[in-house]
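Asker:
Residue numbers (the numbering used here): 778 to 888.
1) Spatial neighbours of residue 826 within its chain, please: CB distance less than 6 Å, with the 5 preceding and 5 following residues excluded, ordered by chain position.
2) Taking the beta strand (DSSP E) that residue 807 falls in, what are its first and last residues?
3) Write down the C-beta distance between residue 796 and residue 845 rounded to the nearest angstrom, noting that I regard them as a contact closer than 8 Å.
4) In three-state terms, what does DSSP make of residue 870?
5) State buried or exposed for residue 868, treating a residue as buried only when at least 16 other CB atoms are found within 10 Å of its CB.
Here is the structure:
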């Protein structure tokens, strides 16, 4: 699937693998447990086994941490061996992403 580019990003994404659950795929209902590849205050890149459509709504919850969000799929790109990568734009974020305390003990990324 083609990757769609919108406006240039106004903030950097932090490379961060956080366990999350996502749901909202109408064609394949249920919850998928997966990981982020990178995150920012406004979005994330997530690796998924499911193909998503641009502008679909996704529900995201971090594991660990208390971050929750409704998000919009900005793009879905097929990966060679691992399914798909989706770019999410957070529409209604709440809570916090938790960073590895050994890497940056005082840092968290607020939603």
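We put the beta carbon where it would ideally sit given N, CA and C, even for glycine.
Answerer: Well, looking at it:
1) Here residue 826 corresponds to residue number 49 of the chain shown, with the count starting at 1. If the five residues before and after residue 826 are omitted, its C-beta is found closer than 6 Å to the C-beta atoms of 860, all from its own chain and listed in chain order.
2) Taking the first residue of the chain shown as 1, we reach residue 807 at position 30. Secondary structure note for residue 807: it is in no beta strand (DSSP E), with a DSSP letter that is neither H nor E.
3) Start at 1 with the first residue of the chain shown, and residue 796 comes out as number 19. Start at 1 with the first residue of the chain shown, and residue 845 comes out as number 68. The pair is not a contact, with the Cβ atoms about 14 Å apart (cut-off 8 Å).
4) Counting from 1 along the chain shown, the entry for residue 870 is found at position 93. Three-state DSSP puts residue 870 in coil, outside helix and strand.
5) For the purposes of this step, residue 868 is taken as the residue at position 91 of the chain shown. Classification of residue 868: exposed, given that the 10 Å Cβ count is below 16.
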